[in-house]
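*Asks:*
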Amino acid sequence: MPNQSDLVQRSVSGGEVLPMERFMRFAHRNARFIFPAPAVIAVALIIVYPVIYTGWMSLQEWFASSLTLPKFIAFANYKQILTGDPRFRDAFFRTLYFTLIAVSAETALGVAMALLFNREFWGRGLVRTLSILPMMATPTAISLVFVMMYHPTLGVMNYLVSLTGLSPFKWTYSSKTALYAIALVDVWEWTPLIMLIALAGLAALPKEPYESALIDGASNLQCFWYITLPLLRPTLIVAILFRSIDALKTFDIIFVMTQGGPSNSSETINILLFNQAFSYFNMGYASSMAVALFAIVMGACLILMKVRRVG
Amino acid sequence: MSHKAFRQLVKTVGFYGLVIIFMLPTVFVFYWMITLSLKPQVEAAGYPPSFFRFSVTFKGYVDVFAKNPFLLYTWNSLVVATGCTVLGLIVGLPCAYSIAHWRQQKLALTILAARIIPGISYLIPWYILFRNLKMVDTYQALILTHLVVGLPIIIWVMIGFFEDIPVELREAALIDGCTDYGAFWRVAVPLVKPGVVATGILSFIFSWNNFLFSVILAGRNTRTLPIAVFNMIGYEEINWGPLAAAATLITLPVIILTLIIQRHIVAGLTFGAVKG
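For the protein sequence lines, the chains are A and B, in the order given. At the far end of the first sequence sits residue 433, using our numbering, and the numbering has no gaps. At the far end of the second sequence sits residue 279, using our numbering, and the numbering has no gaps.
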């Protein structure tokens, strides 16, 4: 087919192929490469290049504040992280712990809410609409509101606690509770995501297993445990996967509310790494932590994918 | 009232009671933010706090604009988020089209990697690069870096929209003498306009909300709203009216935009893995 049109074109232009024509033909033939080209260039520039640079920088010792050039030290940074830096070790376990409590609470609450809301009722649309607001609202602004609500003496949270008869907490102002107070904000923000994903999963479940279970005289709880949960599992794992990836990388709410304090009690890897890079300008060391954080997130992904396949 | 009807009533009341209990925290935080912004200082920091009865003042809002160049910050956020979104759509739409039509799964997965890689690992090289180019505190640096948040979302959500277009339409366009470029621009793009609006708004919100990249790469002239609000915390201490007013002002546009595209939010947040 191209030959025919080529012939016509060539006869019109007197046997010669004009550069413009040649370009058009090239563009036509390679459309599948030209369409994504700008995005590929953008991704290479703003994603691939920085990632490679970070990997390279993690093998150097370099303070961006000094005038000396980076010094190649191979894997010394990694050795330091793994064996010689208790602060990183604490941050590592804190990050995992934070992710574990936040995502577990979100999953339990989100599934409970999805089961509750999985029916037709007046106001269902409003519930859905309200649910997406915490996920989209600017995290900095939300953290700020929680800072005010968590205030030990003037905050509304302690007032609410006092109504129940408990003694007040110091929330983000005490090293004992800071991490939990931050996790609570994360739970407030992201439980709706798990709920909405679980709702979508519930809507897609088949009816037949429930009908036969009903005939066999199964209770509601048995239906949930033996039918709903196993069928919902793949959907839930997707939800948990997305939440875990983001929870491991949590930055905004911690940085705004506590900046890792008091006395490092809420310092996750991300916060420690940020301070290493932009307070101490210890770029090489910070880069190796960035690579470590990436490895942790990747590890979590792989584990969850495996769990999904086994089920 | 019969026994059965009574039980039905109790069930309904109990159900709505649970709905209210579960939705209360969500509503309360927003309610508290807005009411704090309207309370005079004495009542905002008063204890016990007043939930419903308080005097209304706009002093907090006046203070925000009087004490800070808040209009400049808003303008900065607007420029960066719009720039990031427009650039993201220009670059992302053809890419999503191409992935959808030529099944370029590897490319799609590469772009998904951007969702997994911690943002901070881009930030160190960018900081060094933009510092050397004297580009820290410029719109260009912010727009380019915010693209990391916006572009993957645009591409992934748009793949779904382009895949929904029947293949026959594209073939018909090609037979009628359209080039691939014509088929994209005259046939495909007009059909996915709702998707373009939805992903555009998603990308705008994510850029508007971004804190991590801006806190390092924005300076005196390009400071965006989240950074401005973060800086206010130190200065204002417990002068809560202006703080709450600033929080409300940042969140309001996001909420309005979210309401417009609420059907697409879950798809956007899960990269199309779940169609809400």
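Every residue gets a Cβ at the ideal spot worked out from N, C-alpha and C, and that includes glycine.
Find the residues of chain B that neighbour Asn392/A, judging by a C-beta separation of less than 8 Å, and give them in chain order.
*Replies:* What Asn392/A touches in chain B: Pro121 and Ile123.
*Asks:* I'd like to know whether the C-beta of Met142/A is nearer than 9 Å to at least one C-beta of chain B.
*Replies:* So, not an interface residue.
*Asks:* Using 8 Å as the threshold, is the region 188-195 of chain A in touch with the region 220-235 of chain B, meaning 3 or more CB pairs across them?
*Replies:* Touching, no, given that fewer than three Cβ pairs across the two stretches are closer than 8 Å.
*Asks:* Take Lys292/A as the anchor and find which of Pro352/A, Gly383/A and Arg250/A has the nearest alpha-carbon.
*Replies:* It is Gly383/A whose Cα lies nearest to the Cα of Lys292/A.
*Asks:* If you measure beta-carbon to beta-carbon, which residues of the region 49-60 of chain B are closer than 7 Å to chain A?
*Replies:* Going along the region 49-60 of chain B in chain order, one finds Tyr50, Pro51 and Pro52 with a Cβ nearer than 7 Å to chain A.
*Asks:* Quick one: residues in its chain with C-beta nearer than 6 Å to the C-beta of Val360/A, no 5 flanking neighbours on either side, listed in chain order?
*Replies:* Around Val360/A: no qualifying Cβ.
*Asks:* Assign Lys109/B to buried or exposed, taking buried as 16 or more other Cβ atoms, counted over all protein chains shown, within 10 Å of its Cβ.
*Replies:* By the 10 Å Cβ count, Lys109/B comes out exposed.
*Asks:* Taking Cβ-Cβ distances shorter than 8 Å, what residues in chain A pair up with Asn224/B?
*Replies:* Those within 8 Å of Asn224/B in chain A number zero; the least Cβ separation is about 19 Å.
*Asks:* Figure out for me which residue from Gly49/B, Pro121/B, Ala47/B and Val89/B has the closest Cα to the Cα of Pro172/A.
*Replies:* Nearest of Gly49/B, Pro121/B, Ala47/B and Val89/B to Pro172/A, Cα basis: Pro121/B.
*Asks:* May I ask you to list the residues that DSSP assigns as paired with Lys193/A?
*Replies:* Lys193/A pairs with Glu183/A.
*Asks:* Can you give the Cα-Cα distance for Gly198/B and Leu136/B, rounded to whole angstroms?
*Replies:* Going by the C-alpha atoms only, they are around 36 Å apart.
*Asks:* Classify Phe55/B: buried if its beta carbon has 16 or more other beta carbons within 10 angstroms, exposed otherwise.
*Replies:* Label assigned to Phe55/B: exposed.
*Asks:* Quick one: list the residues of chain B neighbouring Ser409/A, beta-carbon separation under 9 Å, in chain order.
*Replies:* Residues of chain B passing the Cβ test: Ser124, Ile127 and Pro128.
*Asks:* Any Cβ of chain A within less than 9 Å of the Cβ of Pro28/B?
*Replies:* With 9 Å as the cut-off, Pro28/B counts as an interface residue toward chain A.
*Asks:* Would you tell me roughly how many angstroms separate the C-alpha atoms of Ala250/B and Ile37/B, rounded to the nearest one?
*Replies:* If you take the alpha carbons of Ala250/B and Ile37/B, they lie about 9 Å apart.
*Asks:* Got a sec, what are the start and stop residues for the alpha helix (DSSP H) Asn392/A sits in?
*Replies:* Ile391 to Phe400 is the extent of the alpha helix (DSSP H) around Asn392/A.
*Asks:* Once DSSP output is grouped into helix, strand and coil, what is the label at Val134/A?
*Replies:* Since pLDDT at Val134/A reaches only 49, below the 50 mark, its modelled position is unreliable, and the value read off the structure follows with that caveat. Residue state, collapsed to three classes: helix.
*Asks:* Going residue by residue through the region 77-155 of chain B, where are the continuous beta strand (DSSP E) segments of at least 3 residues, counting only ones entirely within it?
*Replies:* None, since the region 77-155 of chain B contains no complete beta strand (DSSP E) of that length.
*Asks:* Relative to the alpha-carbon of Val65/B, which residue among Pro128/B, Phe164/B, Val22/B and Pro245/B has its alpha-carbon at the smallest distance?
*Replies:* When each option's Cα is compared against that of Val65/B, the closest is Pro245/B.
*Asks:* Is Asn280/A helix, strand or coil when you go by DSSP?
*Replies:* Asn280/A: helix per DSSP, three-state reduction.
*Asks:* Buried or exposed for Leu41/B, going by 16 or more other Cβ atoms inside 10 Å?
*Replies:* Classification of Leu41/B: buried, given that the 10 Å Cβ count is 16 or more.
*Asks:* Name the chain B residues whose beta carbon is nearer than 9 Å to that of Val419/A?
*Replies:* Near Val419/A (Cβ distances below 9 Å), the residues of chain B are Ile119, Ile120 and Pro121.
*Asks:* Excluding sequence positions up to five away, which residues of its chain have a Cβ less than 8 Å from the Cβ of Gln344/A?
*Replies:* Ala335.
*Asks:* Does the beta carbon of Ile268/B come closer than 9 Å to any beta carbon on chain A?
*Replies:* At least one chain A Cβ lies under 9 Å of Ile268/B.
*Asks:* So what does DSSP say about Asn342/A, is it helix, strand or coil?
*Replies:* Correct three-state label for Asn342/A: helix.
*Asks:* Please report the residue range of the alpha helix (DSSP H) in which Pro141/A lies.
*Replies:* That run of the alpha helix (DSSP H) goes Pro141 to Arg151.
*Asks:* Would you tell me roughly how many angstroms separate the C-alpha atoms of Ala303/A and Val22/B, rounded to the nearest one?
*Replies:* Approximately 24 Å between the Cα atoms of the pair.
*Asks:* Write down every uninterrupted run of the alpha helix (DSSP H) in the region 186-244 of chain B whose length is 4 residues or greater and which is fully enclosed by it, in chain order.
*Replies:* If we require 4 residues or more, the alpha helix (DSSP H) runs fully inside the region 186-244 of chain B come out as 196-212, 215-220 and 228-239.
*Asks:* Return the chain-ordered list of same chain residues with a C-beta closer than 8 Å to the C-beta of Pro256/B, the five sequence neighbours on each side being excluded.
*Replies:* Trp211, listed in sequence order.
*Asks:* Less than 9 Å between CB atoms is the rule here; does Gln107/B satisfy it with respect to chain A?
*Replies:* By this cut-off, Gln107/B is an interface position.
*Asks:* Can you check which of these residues, Phe214/B, Ile158/B, Ala247/B and Ala48/B, is closest to Leu205/B by C-alpha distance?
*Replies:* Nearest option by C-alpha distance: Ile158/B.
*Asks:* Within its chain, find whatever has a CB closer than 8 Å to the CB of Ile156/A; leave out the 5 residues flanking it on each side and keep chain order.
*Replies:* Ala149.
*Asks:* When you compare only the Cα positions, how much space is there between Met123/A and Thr273/B?
*Replies:* Only weak support is given to the placement of Met123/A: the predicted model assigns it a pLDDT of 43, under 50, and the question is left unresolved by the model.
*Asks:* Should Arg226/B be labelled buried (16 or more other beta-carbon atoms within 10 Å of its own) or exposed?
*Replies:* By the neighbour-count rule (16 or more Cβ atoms within 10 Å), Arg226/B is buried.
*Asks:* Would you say Val283/A lies against chain B (beta-carbon separation less than 9 Å)?
*Replies:* Not one chain B Cβ lies under 9 Å of Val283/A.
*Asks:* In chain B, which residues lie with their C-beta within 7 Å of the C-beta of Phe396/A?
*Replies:* Near Phe396/A (Cβ distances below 7 Å), the residues of chain B are Ile123.
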